[in-house]
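Here's the structure we're looking at; comments come further down.
So this is what it looks like as structure tokens:
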């Protein structure tokens, strides 16, 4: 097999998102060259690149070869030859030999038979899927939440959520069959890289501007089972193994009542306000309070007597003033990079706060229940607790001293009942209590220590 170094770098770059560094299946760290194709997979997504030069059947170690190619000039021709369990790559002034594995260890390329297929605008679809991905769950307790939902039909939409927040966006696209697909997060990342790296093929046109402004398109197909296929241009294919299960009905989670509060703020100003209160919020339960008035929203956080707040100007406000508390980290994650106007709306009580910004997905963040006790302990209660603890420690120490004295003294060294300290009698009289009985009748007699 003879291939230009620059072309091989390009092919390996397209396979990068599906090559695993560590895996119990060593063959997955290799790239398969066979039948005019280069194939890489992580068992979740398989990427196939057409390489007409690939007239051999062999596996090459991805990471080792990529590292070696950094130091070979791109215009040189590389000769690849597998032999005796090794693969040798040679060029005009050098060569490198790597260990390889049997081709049979690599997963088979599936035969994908589409039941429905259509061209779709991936300049709109894939960035929307990638943006929704940041709102998906990170824990694997519910795999359907650790994914992006792709909703196909007369209207195409993407959605993701983790139980505390959610993103949803309806796209100006359509697909000939209604389906709800659960796309793994790793596959979304791979599709994003392929969208970035594959060449853009403009439509034939007599005018330059329409050709430049044309959207990048791909063929999207379903096989009626658990497979989703994207064909980018005429040389790169991605086959995604979809997750089993049904995601939540995202549209039913969207608020549909008239909001009791709606306000517009500058996203960059709101982001700075949240950043100011975040350190104090993280000291406690990570709560950021939002207090809306007619012309301002005050963002604040408190913890054990420490409190910080920042005021942001409201550009437009509808409804009555209101207070709501949100997870400060979730709020900051949403506001990052949001220039321009952000619109917030709220139905009140336990309803989520709704965020809209230009053409970005609509985002919901669930509110947090706030009580003063959750943020800080009242000073008076704290002092009483400390005093009670100190008194208890003192009593324990006195008891321990008394036991030690009793153990050291002899049986004939008891203290007489009339040897009670005068101060103890005065304290009893001052308290209005009846005259104390002899000590010997109420508590164990103290014993006088004799000098030796």
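Residue numbers (UniProt numbering): 1 to 452. Idealized CB from N, CA, C, for every residue including glycine.
Distance, residue j Cα to residue i Cα
| i | j | result |
| --- | --- | --- |
| residue 90 | residue 125 | 42 Å |
| residue 379 | residue 329 | Unreliable placement is indicated for residue 379, whose pLDDT of 38 sits below 50; no coordinate value is reported for it. |
| residue 6 | residue 158 | 36 Å |
| residue 3 | residue 54 | 8 Å |
| residue 260 | residue 290 | 15 Å |
| residue 417 | residue 302 | For residue 417, the pLDDT reaches just 40, beneath the cut-off of 50, and the residue's location in the model is therefore unreliable, although a value from the coordinates is still provided. Taking the straight line joining both Cα atoms gives about 58 Å. |
| residue 283 | residue 116 | 53 Å |
| residue 278 | residue 272 | 10 Å |
| residue 65 | residue 98 | 8 Å |
| residue 10 | residue 46 | 17 Å |
| residue 387 | residue 24 | At residue 387 the pLDDT is 46, less than 50, meaning the model places this residue with poor confidence and gives no usable figure here. |
| residue 13 | residue 129 | 22 Å |
| residue 243 | residue 76 | 43 Å |
| residue 59 | residue 276 | 53 Å |
| residue 265 | residue 229 | 41 Å |
| residue 30 | residue 239 | 18 Å |
| residue 8 | residue 366 | 48 Å |
| residue 166 | residue 227 | 25 Å |
| residue 68 | residue 194 | 23 Å |
| residue 17 | residue 320 | 49 Å |
| residue 325 | residue 162 | 18 Å |
| residue 92 | residue 168 | 54 Å |
| residue 78 | residue 110 | 30 Å |
| residue 370 | residue 363 | 22 Å |
| residue 141 | residue 94 | 51 Å |
| residue 357 | residue 72 | 47 Å |
| residue 61 | residue 19 | 10 Å |
Residue j beta carbon less than 9 Å from that of residue i
| i | j | result |
| --- | --- | --- |
| residue 202 | residue 190 | no |
| residue 338 | residue 268 | yes |
| residue 121 | residue 173 | yes |
| residue 287 | residue 327 | yes |
| residue 148 | residue 137 | no |
| residue 199 | residue 101 | no |
| residue 345 | residue 252 | no |
| residue 335 | residue 341 | no |
| residue 188 | residue 170 | no |
| residue 103 | residue 34 | yes |
| residue 182 | residue 143 | yes |
| residue 106 | residue 15 | no |
| residue 347 | residue 241 | no |
| residue 50 | residue 36 | yes |
| residue 307 | residue 274 | no |
| residue 21 | residue 119 | no |
| residue 481 | residue 150 | A question about residue 481 goes unanswered here, because the residues of the chain that appear run from 1 up to 452. |
| residue 48 | residue 80 | no |
| residue 352 | residue 131 | no |
| residue 247 | residue 145 | yes |
Residue i in three-state terms, based on DSSP
| i | result |
| --- | --- |
| residue 448 | Residue confidence for residue 448 is low, a pLDDT of 43 falling below 50, so the modelled location carries little weight and cannot support an answer. |
| residue 11 | helix |
| residue 341 | strand |
| residue 2 | strand |
| residue 18 | helix |
| residue 23 | coil |
| residue 34 | strand |
| residue 320 | coil |
| residue 368 | coil |
| residue 286 | coil |
| residue 334 | helix |
| residue 315 | coil |
| residue 300 | strand |
| residue 192 | helix |
| residue 92 | coil |
| residue 310 | strand |
| residue 75 | coil |
| residue 431 | Only weak support is given to the placement of residue 431: the predicted model assigns it a pLDDT of 43, under 50, and the value that follows is read from those uncertain coordinates. Note: residue 431 maps to coil in three-state DSSP. |
The ligand SAH heavy atom lying under 8 Å from the CB of residue i
| i | result |
| --- | --- |
| residue 255 | This structure lacks the ligand SAH; in fact it carries no ligand of any kind. |
| said: Could you tell me which whole beta strand (DSSP E) segments of length 3 or greater appear in the region 95 to 178? | reply: As summarised for the region 95 to 178, the continuous beta strand (DSSP E) elements at least 3 residues long and confined to that stretch are 116 to 121, 147 to 152, 156 to 161, 165 to 171, given in chain order.
| task | Could you tell me whether the region 282 to 298 touches the region 308 to 317, using the rule of 3 or more Cβ pairs below 8 Å? | result | Segment contact: the region 282 to 298 against the region 308 to 317, three or more CB-CB distances shorter than 8 Å; contact assigned.
| query | Does the pairing of the region 169 to 186 with the region 221 to 240 give three or more beta-carbon distances under 8 Å? | reply | A contact exists between the region 169 to 186 and the region 221 to 240.
| request: Give, in chain order, every unbroken run of the alpha helix (DSSP H) that is at least 4 residues long and sits entirely within the region 198 to 280. | output: Correct list: 208 to 213, 250 to 253.
| Which ranges would you report for the beta strand (DSSP E) in the region 41 to 69 if only whole runs of at least 3 residues count? | Taking only runs of at least 3 residues, the beta strand (DSSP E) segments lying wholly in the region 41 to 69 are 45 to 50, 58 to 61.
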